[in-house]
Ligand SMILES: Cc1ncc(COP(=O)(O)O)c(C=O)c1O
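Residue numbers (our numbering): 726 to 1172.
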């Protein structure tokens, strides 16, 4: 699209997320309409949204049931600061989330997004140990290549170099291990690489002294690392290590939550129950900002206290538990449950994989990975050397946009996560656009 002087000037008065403004000005995208599986830009061009905005619009854009839920709530109560009261609908939200979580994860606090949920979880865990007889436990073990948010706590837990080194020194008390993908080529099988990577958590917990380690935080499927998809055994090993050393296991399900991976939460997909789940993105389908920290209900007892003794979780945000957002979150869960969209994610995901696997004929796809409709494709120069191919990814980013396709390219891999309202023919339409864009990108880099 072509920018007007006003648009160009305004773009210089703001910034995009993790996107260089000067580069964006060369390939701008200004949107003003979204419906179902599509976005439209201000010039009227239509784009297939292959990634639900950014792993958010799992039910498609402009969903009538979700809009109705917000409209009804608008007439009821739109703001109740969680400082001296709580909206009834916020309590309904707590109850609703508790019906779909694994284990006894029923202690729910709503926030305005994923970073706030992560930040709350980190503080919750540190305070939990301070008041349960282990005041020395404060460290968190997380992974290189992981992403847990743009705030200082989330950033300290993240392992994405370029996004964090500019802001060093980071918060103290965050230790990293490598994800299984780091060891992929050093072991004969993916299973062995996963076993080794999972065992490194316990090695580090012991080396740091378990009486100083409070928590482990991991994304069940690691987006920023390239849709890293561990084996179920990987999480079982981490779970056992956490149990042995009284360490709280946090799953950052900001991306993986709400049906994309084939169950409501990836914890259920992988069959391992953490102590805390952090959510965001799909929980509101993007209509209104929403996130939540969901913890084991027995952990909450440590924060209950007796009237007047001051024991409480010392945390809060003005917009936490916003009534409009909570009404929306309830509608999202109802829609997923009533239409069994988690099961649909498995069926649709299988079809999506069969189509993405066909891209291997171009000789530049190393692997298709992920769970359900959350899928990633790794691009290489050729399948003998398996050398990463960022030039291809960068070209693909441009050709996709030109062909009316929005997806995530990073640039040695790309990710898709189509809405669960799609059917096989929509997946075909999306995959045709992906294939055309990849062929166009290959033409550019091989020119
Ligand atoms: C795994 C993960 N955790 C946390 C966050 C932060 O969420 P938000 O951007 O809503 O603050 C993100 C955002 O992309 C994420 O992918």
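For every residue, glycine included, the Cβ atom is placed at its ideal position computed from N, Cα and C.
With which residues is residue i paired in a DSSP beta bridge?
i, result
"residue 1158", "Bridge partners of residue 1158: none, in fact."
"residue 786", "761"
"residue 1138", "1103"
"residue 746", "In the DSSP output, where bridge partners are listed per residue, residue 746 has none listed."
"residue 1016", "836"
"residue 947", "953"
"residue 1081", "Per DSSP, none; premise fails for residue 1081."
"residue 942", "975"
"residue 772", "764"
"residue 1113", "1105"
"residue 868", "902"
Enumerate in chain order the residues of its own chain whose CB-to-CB distance from residue i is below 8 Å, with the five nearest sequence positions on each side excluded.
i, result
"residue 821", "1054, 1055, 1058 and 1059"
"residue 811", "805 and 1046"
"residue 793", "1056"
Do residue j and residue i have their beta-carbon atoms positioned less than 8 Å apart in this structure?
i, j, result
"residue 762", "residue 785", "yes"
"residue 854", "residue 845", "no"
"residue 978", "residue 1002", "yes"
"residue 1145", "residue 1070", "yes"
"residue 902", "residue 957", "no"
"residue 1100", "residue 952", "yes"
"residue 776", "residue 1142", "yes"
"residue 929", "residue 900", "yes"
"residue 880", "residue 891", "no"
"residue 872", "residue 949", "yes"
"residue 1166", "residue 1117", "yes"
"residue 760", "residue 787", "yes"
"residue 825", "residue 874", "no"
"residue 984", "residue 1067", "yes"
"residue 1129", "residue 797", "no"
"residue 1162", "residue 1124", "yes"
"residue 749", "residue 980", "no"
"residue 973", "residue 1076", "no"
Using 8 Å for Cβ pairs, my map puts residue i next to residue j. What's the rounded Cβ distance?
i, j, result
"residue 773", "residue 1158", "6 Å"
"residue 1120", "residue 1170", "5 Å"
"residue 862", "residue 1040", "Actually they do not touch by this definition, with Cβ atoms about 18 Å apart."
"residue 1097", "residue 986", "4 Å"
"residue 783", "residue 1007", "4 Å"
"residue 991", "residue 946", "6 Å"
"residue 1103", "residue 1138", "5 Å"
"residue 827", "residue 905", "About 22 Å; that fails the 8 Å criterion."
"residue 1105", "residue 1115", "At roughly 10 Å, the Cβ-Cβ gap does not stay under 8 Å, so residue 1105 and residue 1115 are not in contact."
"residue 840", "residue 885", "Not quite, the Cβ-Cβ distance comes to about 14 Å (not below 8 Å), so this is no contact."
"residue 923", "residue 908", "No, residue 923 and residue 908 are not in contact; Cβ-Cβ is about 10 Å, not under 8 Å."
"residue 736", "residue 746", "7 Å"
"residue 960", "residue 995", "5 Å"
"residue 971", "residue 791", "Not really, about 41 Å apart at Cβ, beyond 8 Å."
"residue 838", "residue 1005", "5 Å"
"residue 1180", "residue 1090", "Residue 1180 is absent from the structure shown; the chain starts at 726 and stops at 1172."
"residue 864", "residue 751", "That pair is no contact at about 43 Å."
Identify, in the order they occur along the chain, each residue of the same chain with its Cβ nearer than 6 Å to the Cβ of residue i, setting aside the five sequence neighbours on each side.
i, result
"residue 742", "none"
"residue 767", "755 and 757"
"residue 927", "966"
"residue 833", "819, 822, 1017 and 1019"
"residue 856", "1027"
For residue i, which residues of its own chain have a beta-carbon under 7 Å away from its beta-carbon, when the five flanking residues on both sides are left out?
i, result
"residue 830", "1002, 1019, 1020 and 1021"
"residue 795", "1012, 1013, 1049, 1052 and 1053"
"residue 1088", "1107 and 1108"
"residue 1093", "1078, 1081, 1082, 1100 and 1102"
"residue 988", "994 and 1067"
"residue 807", "1041, 1045 and 1046"
"residue 1160", "1084"
How would you label residue i, buried or exposed, when you count the other beta carbons within 10 angstroms and need 16 or more for buried?
i, result
"residue 1037", "exposed"
"residue 999", "buried"
"residue 1065", "exposed"
"residue 851", "buried"
"residue 919", "buried"
"residue 1168", "exposed"
"residue 1155", "buried"
"residue 1086", "exposed"
"residue 731", "exposed"
"residue 1015", "buried"
"residue 1095", "buried"
"residue 896", "exposed"
"residue 1110", "exposed"
"residue 976", "buried"
"residue 882", "buried"
"residue 870", "buried"
"residue 931", "exposed"
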